[in-house]
């Protein structure tokens with residue numbers, strides 16, 4: 001899914017798609033690739049497209065945030081973060 005803190009909330013709800021669930025490998029690193037070009041946003045998890053949408057033209061600028069929201073204790077780590085201007 002894709003969540004925006006700037007007022008819209010869930011822009012694209014997470015789904016229970018079987019292919020997307022298979023992309024996650026419990027206990028292993030997950031590769032996340034986010035491409036934002038113009039209003040087009042694509043999110044891939046371990047090579048599987050999980051989110052694809054087109055924003056309106058007024059939403060071409062913004063921030064990238066790495067967060068975890070949950071109601072339970074969790075452990076999250078990040079590594080090899082790269083940002084490339086397109």
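In this note's numbering, the protein residues as written are 1 to 86. Just so it is clear, CB atoms sit at the ideal spot from N, CA and C, and this is done for glycine as well.
What does DSSP give as the partner residues of residue 35 in its beta bridges?
42
In whole angstroms, give me the CA-to-CA distance for residue 35 and residue 5.
18 Å
Residue 49, enclosing beta strand (DSSP E) - first and last residue:
48-54
Stretch pair the segment 39-46 + the segment 54-68: three plus CB contacts closer than 8 Å
yes
Here's a check: name, in chain order, each residue in its chain whose Cβ is nearer than 7 Å to the Cβ of residue 30, leaving out the five neighbours to either side.
24, 45 and 46
Give the straight-line distance between the Cα atoms of residue 13 and residue 63, rounded to the nearest whole angstrom.
19 Å
Report all residues from its chain with a CB closer than 8 Å to the CB of residue 65; omit the five preceding and five following residues, and keep chain order.
5
Once you ignore the five residues that flank residue 79 on each side, which residues in its own chain have a CB closer than 8 Å to its CB?
29
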